[in-house]
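Working notes, beginning with the structure itself.
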Amino acid sequence: MKEKEIKQVVRAKYAQIAKQDQESCCPSCGCGASSLLSSKAVGYSGEDLERIPEESVMGLGCGSPTAIADLKTGEVVLDLGSGAGVDVFLAANKVGPTGRVIGIDMTEEMVDRATRIARDHGYHNVEFRLGEIERLPVEDDSVDAIISNCVINLSPDKAKVFQEAYRTLKPGGRLTVSDIVSEGTLPDEIRSDSNAWACCIGGALEQQEYLDKIRKAGFRDVQVLSSKEFYIESEECQALTKLLSITVRAYKIRKL
Ligand SMILES: C[S@@+](CC[C@H](N)C(=O)[O-])C[C@H]1O[C@@H](n2cnc3c(N)ncnc32)[C@H](O)[C@@H]1O
5 MKEKEIKQVV RAKYAQIAKQ DQESCCPSCG CGASSLLSSK AVGYSGEDLE
55 RIPEESVMGL GCGSPTAIAD LKTGEVVLDL GSGAGVDVFL AANKVGPTGR
105 VIGIDMTEEM VDRATRIARD HGYHNVEFRL GEIERLPVED DSVDAIISNC
155 VINLSPDKAK VFQEAYRTLK PGGRLTVSDI VSEGTLPDEI RSDSNAWACC
205 IGGALEQQEY LDKIRKAGFR DVQVLSSKEF YIESEECQAL TKLLSITVRA
255 YKIRKL
């Protein structure tokens, strides 16, 4: 599939989800379960979720990067593919009024939803920007921490996403991402299915390739902090394909 086509399909899917015309189709987040239950299943704490607006919790994540990003008071945080803002609001509670959290999403309906929630609930330390994670509308060396939850698999140019993350982080800054990767290469039948791509499966890279792209962007100390496997059925191979929901941490080198 071409880059433009992928973006169109992904945008259309998440615009529908933002308007609640469609439910999440992410296979790792417990299809059919409520957004709250599926969020808890991927690692969010009930206590943390109670402290953020309910409308931001849409059950679209595959991990809980804010829980392990070690966010501190006063830090500037960037969330790649922020959706309705669940991780932005969690991070905002952690960095406090002296900190700031910026969410980036390419789907206007998601940015509108998240912005409205922030306004209705009086969050002054958050901002949602419409943009693509391959071309971040964010200054060089300007954020302390980047988080992302189940988004980078949707990008047709993952190398560019990691290069952009590296560019925008301050020296010594950290990247904590939860995402879907595969064990072995995915069958063509899945890779070329636009719906599978929009549902966080078709664009999943083989785990080693994913980690190599992070290293190639310049990151150091790349570490898989958690990994949970699940399976999908593939007709072509008449077999189950193994996917992993992983959370990775990596650091931008400090200037000498
Ligand atoms: C599976 S949802 C996850 C949303 C959010 N991180 C969460 O956990 O609730 C993926 C989100 O990423 C956004 N997205 C996908 N590809 C993107 C890209 N290339 N640039 C910016 N946003 C993107 C979609 O619009 C959607 O809101």
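Heads up: the sequence shown begins at 5 in this note's numbering, then just goes up one per residue.
C-beta atoms are modelled at their ideal positions from N, C-alpha and C, and glycine is treated no differently.
In this structure, how does DSSP classify residue i when only helix, strand and coil are distinguished?
i	result
A118	helix
F234	strand
I205	coil
G34	Residue confidence for G34 is low, a pLDDT of 48 falling below 50, so the modelled location carries little weight and cannot support an answer.
E9	helix
Y255	strand
S60	helix
K224	Sequence check: residue 224 is Arg here, not Lys. Here R224 sits in strand by DSSP.
E54	helix
E210	strand
L75	coil
S49	coil
T111	coil
K217	helix
G25	The sequence given here places Asp at residue 25; Gly does not occur at that position. The answer is coil: DSSP assigns D25 none of H, G, I, E or B.
S86	coil
T102	coil
S68	coil
S43	helix
S249	strand
For the candidate residues the options, whose alpha-carbon lies nearest to that of residue i?
i	options	result
N129	S68, A88, R104 and R120	R104
Q211	G78, T251, K44 and I21	T251
A22	P160, T245, V142 and R120	R120
H125	S60, Y18 and T245	S60
K11	A73, E233 and A202	A202
A221	F234, A254 and R123	A254
L263	D216, L244 and N153	Residue 263 lies beyond the residue range present for the chain, which begins at 5 and ends at 260; the question has no answer from this structure.
T189	A208, L173, G135 and I72	A208
S186	V92, K232, D144 and R117	K232
P141	M110, M114 and K162	M110
I108	D116, F132, A122 and Y127	F132
I218	A45, Y170 and R123	Y170
K76	R178, A122, G85 and C29	R178
I228	I72, L158 and L134	Note on residue identity: the sequence assigns Val, not Ile, to residue 228. Answer by Cα proximity: I72.
P69	E138, R117 and K44	K44
S198	T172, L158 and D216	L158
D52	V92, R15, G87 and V14	V92
E138	E113, M114, L84 and T180	L84
K246	V226, I56, I205 and K259	I205
V90	E54, E112 and V14	E54
Quick check on residue i: buried or exposed, where buried means 16 or more other Cβ atoms within 10 Å of its Cβ?
i	result
L41	exposed
P175	exposed
I156	buried
D25	exposed
Y18	buried
Y214	buried
G50	exposed
D144	exposed
I257	exposed
S38	exposed
L244	exposed
D183	buried
Y235	exposed
K162	buried
R224	exposed
R117	buried
field: alpha helix (DSSP H) segments (min. 4 residues) lying fully within the segment 127-190
entry: 162-172
field: the segment 5-13 contacting the segment 83-102, beta-carbon criterion three pairs below 8 Å
entry: no
- request: Answer yes if the segment 164-174 comes into contact with the segment 187-195, meaning at least three C-beta pairs across the two stretches below 8 Å, and no otherwise.
  value: no
message: When you compare the segment 143-150 with the segment 64-81, are there three or more beta-carbon pairs, one atom per stretch, that lie closer than 8 Å?
response: yes
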